[in-house]
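Number of protein chains: 2
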Amino acid sequence: MKGLTIGQVAKRGEVNIETVRYYERQGLIPPPPRRESGYRAYPEETVNRVRFSKRAQELGFSLKEIAELLSLRVGPDTVCADVRKRAVAKIAEIEQKMETLERMKEVLAGLAAECERRGPVSECPILEAMESEEDVDAEG
Amino acid sequence: MKGLTIGQVAKRGEVNIETVRYYERQGLIPPPPRRESGYRAYPEETVNRVRFSKRAQELGFSLKEIAELLSLRVGPDTVCADVRKRAVAKIAEIEQKMETLERMKEVLAGLAAECERRGPVSECPILEAMESEEDVDAEG
DNA sequence: ATAAACCCTGTACCATGATACAGGGTCAAG
DNA sequence: CTTGACCCTGTATCATGGTACAGGGTTTAT
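Chains as they are written, first to last, in the working numbering: chain A, 1 to 140; chain B, 1001 to 1140.
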């Protein structure tokens, strides 16, 4: 067979068929070649694009951002310096996200542990712990 | 003054006034006490709830999940063991997210660095690098 | 005591990310 | 050579997370 059908891509990527077509429209996956019949014939790679997209989405990236990530490479229209710039910007964003996640994790771990020992009854433990670690610049 | 107005909360939380009311409807912030006039009078804490909500959202948590995080505590209706269980589950989710972010970050860093040196022209560097590090269980 | 700025409820509308048909053609097995 | 599973395009619908009034009352500074 010369390529995967949309159904196979959907199944392996664990998304709906309609979602695959939707991703194509949104530029997340390139329009695949067609068979005589008009059926899409996808390369294996497409499955990974779909999976990557799903993961990235769970990390709060929009489809537009994901499309950009997937197309981030040096090519005829994109010069190296530009790619580098965008990569570096994304790295900063990612680090920001990771820091916040790290704090959330610590807070949750503390909550679970503390609970074990004595059972805290703070109004909102998560918030109190998160606040204490961040620079609260609340000016009136 | 006995509490913040909705406008003050919105401004400090860097969201729209309508969003504050929306968050209230969605259970992210508790219905505040009212003044004689019916005006909402928020405690300072609300601003932090709003900010936390915004951050968590950027990490891919839904408003529903955020509401749960914010209410994660031992209380009259919630027993310690349950809180612990939920906290532990969230921690696992968070770790998963962090791992994916870490991989994305490494890939982007590699891309930026490589680009500096020789200019790679792989079709989709991000994907290729991400795939090589993950267990691709693609069965037909 | 009056105008600007603000808040109330309620409902309508918007963008994003899908998901669901309708109406019709294609493929694969018996 | 038909029947069920699959694919096509196009359009409608949905859930989530807001945003925007309309119509009306409140606060505050002058």
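Beta carbons are placed, not taken as given, at the ideal position from N, Cα and C, and that holds for glycine. Note that the structure is a prediction, hence the values are computed from the model and not measured.
Query, Result
"Under the three-state DSSP convention, the category Tyr-1042 of chain B falls into", "strand"
"Expected contact under 8 Å - CB spacing of Val-1088 of chain B and Cys-115 of chain A to nearest Å", "The pair is not a contact, with the Cβ atoms about 10 Å apart (cut-off 8 Å)."
"Assumed close pair Pro-31 of chain A, Ala-41 of chain A - CB separation to whole angstroms, cut-off 8 Å", "Not quite, the Cβ-Cβ distance comes to about 11 Å (not below 8 Å), so this is no contact."
"DSSP state of Arg-1034 of chain B mapped onto helix, strand, coil", "strand"
"Partner residues on chain A for Val-1088 of chain B, Cβ-Cβ distance less than 7 Å", "Ala-112"
"Interface positions of the region 8-27 of chain A facing chain B (Cβ-Cβ less than 8 Å), listed along the chain", "Gln-8, Arg-12"
"Touch test, the region 1045-1065 of chain B against the region 1001-1013 of chain B, Cβ-Cβ under 8 Å, three pairs minimum", "yes"
"Listed by chain order, chain B residues near Glu-116 of chain A by CB distance under 8 Å", "Cys-1080, Arg-1084"
"Where the region 1030-1060 of chain B meets chain A: residues whose CB sits under 9 Å from a CB there", "Glu-1044, Glu-1045, Val-1047, Asn-1048, Arg-1049, Arg-1051, Phe-1052, Arg-1055, Ala-1056, Gln-1057, Glu-1058, Leu-1059, Gly-1060"
"Cβ neighbour criterion (16 or more within 10 Å) applied to Arg-1035 of chain B", "exposed"
"Outcome for Ser-62 of chain A when other beta-carbon atoms lying within 10 angstroms are tallied against a minimum of 16", "exposed"
"Within chain A, the residues that Ile-1126 of chain B reaches when beta carbons sit closer than 7 Å", "Leu-69, Leu-70, Leu-72"
"Selected residue, minimal CA-CA separation from Tyr-22 of chain A, among A:Ala-92, A:Ser-53, A:Ser-71", "A:Ser-53"
"Selected residue, minimal CA-CA separation from Glu-1024 of chain B, among B:Arg-1055, B:Leu-1070, B:Asp-1077", "B:Leu-1070"
"CB contact below 9 Å: Lys-1097 of chain B versus chain A", "yes"
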